[in-house]
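J.: Structure provided below as structure tokens; questions to follow.
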Amino acid sequence: MAENDQFYAFLDINPLAKGHTLVVPKCEVDYIFDLEDNELAAMHVFAKSVALAIQKVFPCKKVGEAVIGLEVPHAHIHLIPIQKESDMIFSNPKLKLTNEEFVEVATAINQAWEGGDK
1 MAENDQFYAF LDINPLAKGH TLVVPKCEVD YIFDLEDNEL AAMHVFAKSV ALAIQKVFPC
61 KKVGEAVIGL EVPHAHIHLI PIQKESDMIF SNPKLKLTNE EFVEVATAIN QAWEGGDK
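Each residue of the sequence shown is one higher than the one before, starting from 1 at the first, in full-length UniProt numbering.
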């Protein structure tokens, strides 16, 4: 959906909302705070570029950001379009999207993403 030389962004397969995206470093690292300072900063700059694209496609009050890190042994940031704080509760029911809907959402965010050269 979005990629640069250090990071990938792709849709969460169990989304809380349409557009729920994961930002993942290409380097192997389990805990986000094990990243070097410059890598962590770059990851957030990349996440910002993806969040701005998400917000263009899915008008929302904010794109929420969360780092949980317990289920998947690889550092990642959740970006979730939200209208209210409770939209970020991970125990909320997950959306069931069809493959076609996933492709549609990913394509729309990719087309809105302006970070291709970052």
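Just so it is clear, CB atoms sit at the ideal spot from N, CA and C, and this is done for glycine as well.
Predicted model only: the values in this text are computed from it and were never measured.
Grouping DSSP H, G and I as helix and E and B as strand, with all else coil, what is A112?
T.: If DSSP states are grouped into helix, strand and coil, A112 belongs with the helices.
J.: Mark T98 as exposed unless 16 or more other C-beta atoms lie within 10 angstroms of its C-beta, in which case mark it buried.
T.: By the 10 Å Cβ count, T98 comes out exposed.
J.: Is the Cβ-Cβ distance between A17 and P81 less than 7 Å?
T.: Yes, these two residues count as a Cβ contact at 7 Å.
J.: Please name the residue in V57, K84 and H76 whose C-alpha comes closest to that of G64.
T.: When only C-alpha atoms are compared, the closest one is K84.
J.: Give me the DSSP bridge partner(s) of V105.
T.: For V105, which the question treats as bridged, DSSP gives no partner whatsoever.
J.: Identify every residue that forms a DSSP beta bridge with K18.
T.: Beta-bridge pairing links K18 to no other residue.
J.: Within 10 angstroms of the Cβ of L11, are there 16 or more other Cβ atoms? Answer buried if so, exposed if not.
T.: Its Cβ being crowded by 16 or more others within 10 Å, L11 is buried.
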